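These notes are about the structure you will find just below.
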Amino acid sequence: MERRNLALLCAGVLCFWLFALAVGTAQGAGLRVAIGGTGPAVQADAPAAPANSGLQLECRAAILMEPETGRVLYEKAPDERMPIASITKLMTLLLTFEDIRGGKLTLDTPVPVSEHAYHMGGSQIWLEPGEQFTLDEMLRAICVSSANDAAVAVAELVGGSEPVFVEQMNARAAELGMTNTTFRNACGLDTEGHLSTARDVAVLSRYLLNTCPELLHYTGIWTDSLRNGQTQLVNTNKLLRRYSGITGLKTGTTSGAGVCISASATRDGLTLIAVVLGSPSSADRFHSATTLLDYGFANYAAAPLPTLPERPLALAVKGSAEDSVPLDYAALPETILIEKGTASALRAELTLPEALEAPVEKGRTVGKVSIFQDDTLLNEYEVKAAADAPLLTFGGALELLWQCLLGA
79 MERRNLALLC AGVLCFWLFA LAVGTAQGAG LRVAIGGTGP AVQADAPAAP ANSGLQLECR
139 AAILMEPETG RVLYEKAPDE RMPIASITKL MTLLLTFEDI RGGKLTLDTP VPVSEHAYHM
199 GGSQIWLEPG EQFTLDEMLR AICVSSANDA AVAVAELVGG SEPVFVEQMN ARAAELGMTN
259 TTFRNACGLD TEGHLSTARD VAVLSRYLLN TCPELLHYTG IWTDSLRNGQ TQLVNTNKLL
319 RRYSGITGLK TGTTSGAGVC ISASATRDGL TLIAVVLGSP SSADRFHSAT TLLDYGFANY
379 AAAPLPTLPE RPLALAVKGS AEDSVPLDYA ALPETILIEK GTASALRAEL TLPEALEAPV
439 EKGRTVGKVS IFQDDTLLNE YEVKAAADAP LLTFGGALEL LWQCLLGA
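Per the working numbering, the sequence shown starts with residue 79, numbered consecutively.
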């Protein structure tokens, strides 16, 4: 008798669930502000430093960016298209590191040297056709000595040929939003139509810093050697010895591009990217980059992210065998960029739905954390589902009912 009553009860629950699922799916779920605040604020565009900020830069174009948020702190002709010389190699490095991450290559992978790579001019390590180095050795040659022959050899390894690799470079640039960039080769030698901008270089540099921090192991090397010490490598980025906190990234010099650099540095938890294009001399390049970085560190700081008073670990799910899904707050940084001297308190607001409707996929954005300074929205960060919650089908519901009967 008890088993029969239990079965009737489960069947009734099943029918009610099916009715509720249909109604709930039609109505949807509204968002609520779970923590703090009286309503959504309007985000103000973060202004770049004005042209009369007092910075004296000897270059055609420049930009200063904070890589965590992508906020531009200073700009000079940031969207003017021009050659960027060996800063091009940042894209070559990105595609290479992505293949390493994807398991297609390892740092021990041998890199053959073709006749085409052998004939590269400019900065080089004098590779010979048929000579082989490991990918790790080639990366050191590219990052430290800006070797064109090494860059092309690696490009041929990754793409099969340099022309195919260049197609991959341009496709990746488009994906990253580098709308004013066109690559014609893998190393940055002057070629008609091989152009980018200070903003696009900063976008690429930012992406590298945020996704390939292992690159800094190579860009931070001051001196090294290859061929059992016979070939000496000395870093072309002299700021490694002159500027406190410098970590990279890449220099470049050609007759068409002038003297260029994308420099990254970190102090007191704040990382900045300074891009300088078209300087008349190496001294002007490094002075301009130093001026930009000094300006950024003098006027901005990395403040600790305000604590959320409440931080739910999971959200309820309707229409699934799973009662809830855990939440992923991994997108939240430890610090946030603020202007120095601003006394206004920071606050955080968490926006989440009351419940989620199945199906829910792992990685789906389900809410956000908004960071305010007074009534100004500084930034927003996604909160994601950390697990799947599949839709409970009729068959699944019957299976639950059967399990319930067996357990009775």
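Even for Gly, the Cβ is constructed at its ideal location relative to N, Cα and C.
These numbers were taken from a predicted model, which means no experiment stands behind them.
message: So, for V461: in the same chain, excluding its five sequence neighbours on each side, which residues have a beta-carbon less than 8 Å away from its beta-carbon?
response: Within its own chain, the residues whose Cβ lies closer than 8 Å to the Cβ of V461, once the five positions on either side in sequence are excluded, are L405, D406, Y407, A409, L428, L430, T443, V444, G445, K446, V447, listed in chain order.
- prompt: Beta carbon of S398, beta carbon of A465: below 7 Å?
  reply: Contact flag unset, no.
task: Would you mind stating whether G347 and C338 have Cβ atoms separated by less than 7 Å?
output: Annotated as distal: G347 and C338, with beta-carbon spacing of 7 Å or more.
- request: In the DSSP assignment, find the alpha helix (DSSP H) that holds F175 and state where it starts and stops.
  value: DSSP places F175 inside the alpha helix (DSSP H), whose first and last residues are 167-179.
- prompt: Looking at the structure shown, is P241 part of a helix, part of a strand, or coil, going by DSSP?
  reply: In the three-state DSSP reduction, P241 falls in the helix class (H, G or I).
- prompt: Does the segment 236-254 come close enough to the segment 170-185 that 3 or more CB-CB pairs lie under 8 Å?
  reply: Here the segment 170-185 lies against the segment 236-254, with 3 or more beta-carbon pairs under 8 Å apart.
message: What does the alpha-carbon distance come out to for the pair L469 and Y459?
response: Between L469 and Y459, the C-alpha separation is close to 27 Å.
query: Are the beta-carbon atoms of K396 and E439 separated by less than 7 Å?
result: Going by beta carbons, K396 and E439 fall outside the 7 Å limit.
field: Segments assigned alpha helix (DSSP H), at least 4 residues, entirely inside the segment 209-253
entry: Whole alpha helix (DSSP H) segments, 4+ residues: 213-223, 226-237, 240-253.
query: Taking C-beta to C-beta, are L142 and G374 nearer than 7 Å?
result: Yes. Within cutoff.
task: Determine the contact status of A265 and N226, defining contact as a CB-CB distance below 7 Å.
output: Per the sequence presented here, residue 265 reads as Cys, with Ala not at that position. Cβ atoms of C265 and N226: closer than 7 Å.
- prompt: Are there 16 or more other CB atoms within 10 angstroms of the CB of T471, so buried, or fewer, so exposed?
  reply: Exposed, by the Cβ-count rule.
- request: For Q134, count neighbouring Cβ atoms within 10 angstroms of its own Cβ and tell me buried if that reaches 16, exposed if not.
  value: Answer is exposed; the Cβ neighbour count stays below 16.
message: With distance defined between alpha-carbon atoms, name the residue in I414, E240, G336 nearest to R363.
response: Residue G336 holds the alpha-carbon nearest to the alpha-carbon of R363 among I414, E240, G336.
- request: Using the Cα positions of T325 and C221, report the straight-line distance between them to the nearest angstrom.
  value: Roughly 12 Å separates the two Cα atoms.
- request: Please confirm whether F211 and V236 have their CB atoms less than 7 Å apart.
  value: V236 sits away from F211, with the two beta carbons spaced by 7 Å or more.
field: Proximal residues to A376 (C-beta, below 8 Å), its chain only, five neighbours per side dropped
entry: Leaving aside the five residues that flank A376 on each side, the residues in its chain whose CB is nearer than 8 Å to its CB run, in chain order, K418.
- request: For the alpha helix (DSSP H) containing F450, list its first residue and its last residue.
  value: Residue range 443-451 is occupied by the beta strand (DSSP E) that includes F450, with no alpha helix (DSSP H) assigned at that position.
query: Looking at the unbroken alpha helix (DSSP H) that takes in N288, where does it start and where does it end?
result: Counting along the chain, N288 sits inside the alpha helix (DSSP H) bounded by residues 276-289.
- request: On the DSSP bridge assignment, give the partners of C338 in chain order.
  value: G330, per the DSSP bridge assignment.
- request: Measure the alpha-carbon distance for T166 versus L286 and round it to whole angstroms.
  value: T166 and L286: Cα-Cα distance of roughly 13 Å.
message: One question on the structure: do R159 and L355 come within less than 7 Å of each other, judged by their Cβ atoms?
response: Not closer than 7 Å, so no.
message: Among L370, Y296, R305, S357, whose alpha-carbon lies nearest the alpha-carbon of Y57?
response: The chain is shown only over 79 to 486; residue 57 falls outside these bounds and no answer can be derived.
E146 versus A280, G181, K328, residue with shortest Cα-Cα distance: Selected option, being the one with the closest Cα: A280.
task: Give the straight-line distance between the Cα atoms of L318 and T344, rounded to the nearest whole angstrom.
output: Our two residues, L318 and T344, have alpha carbons roughly 12 Å apart in a direct line.
- prompt: Expressed to the nearest angstrom, what Euclidean distance is found between the alpha-carbon atoms of A163 and A233?
  reply: When rounded, the distance between both Cα atoms is 16 Å.
- request: Would you mind listing the alpha helix (DSSP H) stretches within the segment 353-428 that are 4+ residues and don't spill past its ends, in chain order?
  value: The qualifying runs are 360-377.
- prompt: Just to confirm, are T259 and S274 a CB contact at a threshold of 7 Å?
  reply: Inclusion of T259 and S274 in the CB contact set at 7 Å is warranted, their separation being smaller than that value.
Same chain only: Cβ atoms within 6 Å of V191, ignoring 5 sequence neighbours per side: Within the same chain, V191 has close Cβ partners L205, P207, E209, A231.
- prompt: According to DSSP, what are the bridge partners of N457?
  reply: As computed with DSSP, N457 is found in a beta bridge with I449.
- request: Decide if K182 is buried, meaning its Cβ has at least 16 other Cβ atoms within 10 Å, or exposed.
  value: In the assembly as shown, K182 is an exposed residue. Its beta-carbon has fewer than 16 other beta-carbons within 10 Å.
- request: May I ask which residues mark the beginning and end of the beta strand (DSSP E) holding T471?
  value: T471: not part of any beta strand (DSSP E); DSSP gives it neither H nor E.
- prompt: Does the distance from the CB of I449 to the CB of A426 come in under 7 Å?
  reply: Result yes, Cβ atoms of I449 and A426 sit closer than 7 Å.
- prompt: Rounded to the nearest angstrom, how far is the Cβ of T332 from that of L267, given a contact under 8 Å?
  reply: About 7 Å separates the Cβ atoms of T332 and L267, confirming a contact at the 8 Å cut-off.
query: So, are the CB atoms of S357 and E144 less than 7 Å apart?
result: No; because the gap between Cβ atoms is not below 7 Å, this pair is not in contact.
- prompt: Among L383, Q202, S283, L393, which has the Cα closest to the Cα of E432?
  reply: E432 has its Cα closest to that of L393, out of L383, Q202, S283, L393.
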